[in-house]
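The next block holds one structure in the form of structure tokens; read it before the comments.
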Amino acid sequence: MPALYHWEPNTFYLKPLIALHEKGVRFSSHYIDPTATAFDIRPDCLDASIEVLNNPEREGPMLIESGEVICGSFFMLEFIADFYPGPELAPRDPMLYYRIQEIGQTLGVQLATLVGPLGCERYLLPKLRKRDAVQLNAALSAMEPVERRHVWQAVLDLEGNTQEFARLHSKLAGSLQEIESLLDASDWLVGEDYSIADIEVFSMIHSLPVLTPELLHPGCTPKIVSFLQRMQSRPAVRAALAMSRTGHPERCFVPGIEPSRWLGL
């Protein structure tokens, strides 16, 4: 049975949960809270050592199948689509598959660098500010690898940075208009059929009606609003979201995991 190490069903962590449920795959769920393990406040978490040993990013979902470790949520979507029997989640047509790659490797990464910081500032930063400053700085100084340390520090540096927020909002508005245009021709992002491209984008933007309601609403992005409703009506999506332990997965963000780490926060 495959094992999935994950946190709350939001952004990167939501993608494999949806895909596995779409395929009807039975898997063992291992819940790891990166906001806890990052600061060693859950030393009794038996799964944390497995995450550290096998996931070079230290955070982000991790799938173990037949002893092999798969990291990187978009690569994980591709693997799940190809490896497990069940409904098709990726087109056979090479050009359509190229478009899925384009969405995963460009639009998906771009969304991560925009949605992540906004979510961290809204929900994670207040929690970090409640910690003892000396202990927090000591924990940050001990983080490995150094890139991980930098993006967690960048969350603290977001406070009061109005210029950066204006930049993030402007770029996110552009990304949402790109998604709106992709939905002109079909209910789904690539071709006429539902695919991992839809899982990729939905996972990154489903929190935005609450996080940035000024950017995603029926008057501004009607096609995206309908797309979110279609996604939320799917049994696999409902099952994935139901795996939340907090009751508010849309509030759960950590900074800079996966490729977005290397492109800035």
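The sequence shown begins at 2 in the numbering used here and counts up by one. Glycine included, every Cβ here is placed at the ideal spot set by N, Cα and C.
*Between H22 and the rest of its own chain, which residues show a CB-CB distance below 6 Å, the 5 nearest in sequence each way excluded?*
Taking H22 as the centre and dropping the five residues before and after it, the same chain places the C-beta of A237, A240, A241 closer than 6 Å to its C-beta, in chain order.
*Beta-bridge partners of A4, as assigned by DSSP*: S29, I65
_For V70, the three-state DSSP class (helix, strand or coil)_ = strand
_If I measure Cβ to Cβ from R27 and keep anything under 7 Å in the same chain, skipping five residues before and after, which residues do I get?_
When the five nearest sequence neighbours on each side are left out, the beta carbons in the same chain lying within less than 7 Å of the beta carbon of R27 are those of M2, in order along the chain.
*asked:* Judging by CA-CA distance, which residue of A243, L141, L212, L64 is the nearest neighbour of S29?
replied: L64
*Measure the alpha-carbon distance for Q233 versus L159 and round it to whole angstroms.*
31 Å
*Buried or exposed for V202, please, with buried defined as at least 16 other CB atoms from any protein chain shown within 10 angstroms of its CB.*
buried
*If you draw a straight line from the C-alpha of V53 to the C-alpha of G248, how long is it?*
Confidence is the limiting factor: at V53 the pLDDT is only 47, short of 50, which leaves the residue's position unreliable and the question unanswerable from this model.
_Here's a check: name, in chain order, each residue in its chain whose Cβ is nearer than 6 Å to the Cβ of G105, leaving out the five neighbours to either side._
F75, E201
*asked:* In chain order, what are the residue ranges of uninterrupted alpha helix (DSSP H) at least 4 long that sit wholly in the segment 199-257?
replied: 209-212, 223-233, 236-242
*Do E181 and T222 have their CB atoms nearer than 8 Å?*
yes
*Beta-carbon contacts of I7 that lie in its chain and below 6 Å, excluding the five residues immediately before and after*: Sequence inspection shows His at residue 7; the Ile mentioned does not correspond to that position. If we look at H7 and ignore the five residues flanking it on each side, its Cβ neighbours are Y14, P62.
*What are the start and end residues of each continuous alpha helix (DSSP H) run of 4 or more residues lying completely inside the segment 98-157, in chain order?*
109-120, 126-130, 134-142
*Looking at the structure shown, is P35 part of a helix, part of a strand, or coil, going by DSSP?*
helix
_Give me, in chain order, the residues of the same chain whose beta-carbon lies closer than 7 Å to that of V135; leave out the 5 immediate sequence neighbours on both sides._
none
*Tell me whether E181 sits in a helix, a strand or coil according to DSSP, three-state version.*
helix
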